[in-house]
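J.: Please see the structure below; I have some questions.
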Amino acid sequence: MQSKRDQVQAHSFLMGRLSSGLLMADPDAPESPLGRTTRGVVFGLLVTVLLAAGATVYGLLRPGGNDTWRSGESLVVNRDTGARYLYIGGALHPVRNYASARLIGGARMTSVSVSTASLSGTPVGAPVGIPGAPDTVPGPGELDGGAWHVCVTGTEGALPGTGGTPSGGALDPGATTVVAGAPLGSGAIGGDRGVLVRGPDGKEYLVWRGSRLPVDKKSDARNALGYGSETAVPVSAAFLDALAPGPDLAPPDLPERGEAGPELGG
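For the sequence shown, counting from 1, position 174 maps to 1565 in this note's numbering; every step adds exactly one.
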């Protein structure tokens, strides 16, 4: 009489033959049709375990492995705190606003979100950027194409003859202001008129048609141009930098100047 164990083995043998016949078209095949699947599952599990173990060891040896921001071409944003940095000279420098970041990083600068762990261990430098600059930068089609005015305050407010409105003492003499657009009651220096100014280093210039022309103090250039009796207006270096540099106002260098001329007949 067959035991229950014999019956189970016979049933397994019969099912194996049926599976081999259906899957391999050979009921007497020496290899089980499900053996390849079983070996594939076991091999996949082993590979997964090895990869997980390798990632764990790498994370322990080098926490915060994201270091693509070290190229210096991205605005680094700490995803945990929202702080923004620029990686310059081996240090993270907090940037005051997005406009400053674009000016420093260039038009192709991108933003990258990094965790605190990835930033740990990197020295932090001094803040960079323009205080008070905006965090939003307009697109090319949203720019204001109007004129910008760089103004300097004279000793008694507006310079005479410029059409400006006196400041009433609100600004110190020589103060420089930048105005976007045309201020009310203002005007440019008209025609061929110039204004004699003096920079912080004491050097005098003639402001004429948007240029700064250095005046040679050793010569009689001021009197020759009709500015001998005028007092130079003190201006800042920023005002002078906004003007295009021009040639020096000095007598021409003539060959044989001061020497005896040719004899005249008669």
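Glycine included, C-beta positions come from ideal geometry on N, C-alpha and C.
Between residue 1598 and residue 1606, how many whole angstroms is the CB-CB distance? I'm expecting something under 8 Å.
T.: Taking the first residue of the sequence shown as 1, we reach residue 1598 at position 207. Taking the first residue of the sequence shown as 1, we reach residue 1606 at position 215. That belief does not hold up - the Cβ atoms of residue 1598 and residue 1606 are roughly 11 Å apart, past 8 Å.
J.: Assuming residue 1543 and residue 1468 make a contact with CB atoms under 8 Å, what is their CB distance in whole Å?
T.: Position 152 of the sequence shown, counted from the start, is the residue given in the question as residue 1543. Position 77 of the sequence shown, counted from the start, is the residue given in the question as residue 1468. Contact flag wrong, Cβ pair sits at about 41 Å.
J.: Flag this pair as yes or no: are the beta carbons of residue 1502 and residue 1520 separated by less than 8 Å?
T.: Counting from one through the sequence shown, the residue named residue 1502 turns up at place 111. Counting from one through the sequence shown, the residue named residue 1520 turns up at place 129. No, Cβ-Cβ distance for residue 1502 and residue 1520 is not below 8 Å.
J.: Just to confirm before moving on: does the CB-CB distance between residue 1507 and residue 1483 stay below 8 Å?
T.: Start at 1 with the first residue of the sequence shown, and residue 1507 comes out as number 116. Start at 1 with the first residue of the sequence shown, and residue 1483 comes out as number 92. Cβ distance not < 8 Å, so residue 1507 and residue 1483 don't count as in contact.
J.: Looking at the structure shown, is residue 1566 part of a helix, part of a strand, or coil, going by DSSP?
T.: Locating residue 1566 in the sequence shown gives position 175, counting from the first residue. In this structure, residue 1566 counts as coil in the three-state DSSP scheme.
J.: Excluding the five sequence neighbours on either side, which residues of its own chain have a C-beta within less than 7 Å of the C-beta of residue 1460, listed in chain order?
T.: For this step, residue 1460 is matched to residue 69 along the sequence shown. So the list reads 1467, 1478, 1503 and 1505, once near-sequence residues are dropped.
J.: Alpha carbon to alpha carbon, how far is residue 1397 from residue 1404?
T.: Position 6 of the sequence shown, counted from the first residue, corresponds to residue 1397. Position 13 of the sequence shown, counted from the first residue, corresponds to residue 1404. Approximately 10 Å, taken between the alpha carbons.
J.: Under three-state DSSP, which class holds residue 1528?
T.: By 1-based counting over the sequence shown, the position of residue 1528 is 137. If DSSP states are grouped into helix, strand and coil, residue 1528 belongs with coil.
J.: Considering only residues of the same chain and omitting the five flanking positions on each side of residue 1470, which have a CB-CB separation below 7 Å?
T.: Working through the sequence shown from its first residue, we reach residue 1470 at position 79. Only 1504, 1505 and 1506 meet the Cβ criterion.
J.: Indicate whether residue 1634 and residue 1601 have their beta-carbon atoms separated by less than 8 Å.
T.: Along the sequence shown, read from residue 1 onward, the residue named residue 1634 stands at position 243. Along the sequence shown, read from residue 1 onward, the residue named residue 1601 stands at position 210. Against a cut-off of 8 Å, the Cβ pair of residue 1601 and residue 1634 comes out as a contact.
J.: Using a Cβ-Cβ cut-off of 7 Å (strictly less than) and excluding sequence neighbours within five positions of residue 1637, which residues of its own chain qualify?
T.: The residue given as residue 1637 occupies position 246 in the sequence shown. Closer than 7 Å at the Cβ level, and outside the excluded window around residue 1637, lie 1602, 1603 and 1604.
J.: Is residue 1438 helix, strand or coil when you go by DSSP?
T.: In the sequence shown, the residue the question calls residue 1438 occupies position 47. Looking at residue 1438 - three-state DSSP - the assignment turns out to be helix.
J.: I need the straight-line Cα distance from residue 1567 to residue 1652, nearest angstrom please.
T.: Position 176 of the sequence shown holds residue 1567. Position 261 of the sequence shown holds residue 1652. Between residue 1567 and residue 1652, the C-alpha separation is close to 50 Å.
J.: Using 8 Å as the threshold, is the C-beta distance between residue 1569 and residue 1541 below it?
T.: Working through the sequence shown from its first residue, we reach residue 1569 at position 178. Working through the sequence shown from its first residue, we reach residue 1541 at position 150. Yes, they are a contact pair.
J.: My understanding is that residue 1656 touches residue 1631, with C-beta atoms under 8 Å, so please give their C-beta distance in whole angstroms.
T.: The count along the sequence shown starts at 1 and reaches residue 1656 at position 265. The count along the sequence shown starts at 1 and reaches residue 1631 at position 240. Between residue 1631 and residue 1656 the Cβ distance is about 52 Å, and since that is not below 8 Å, they are no contact.
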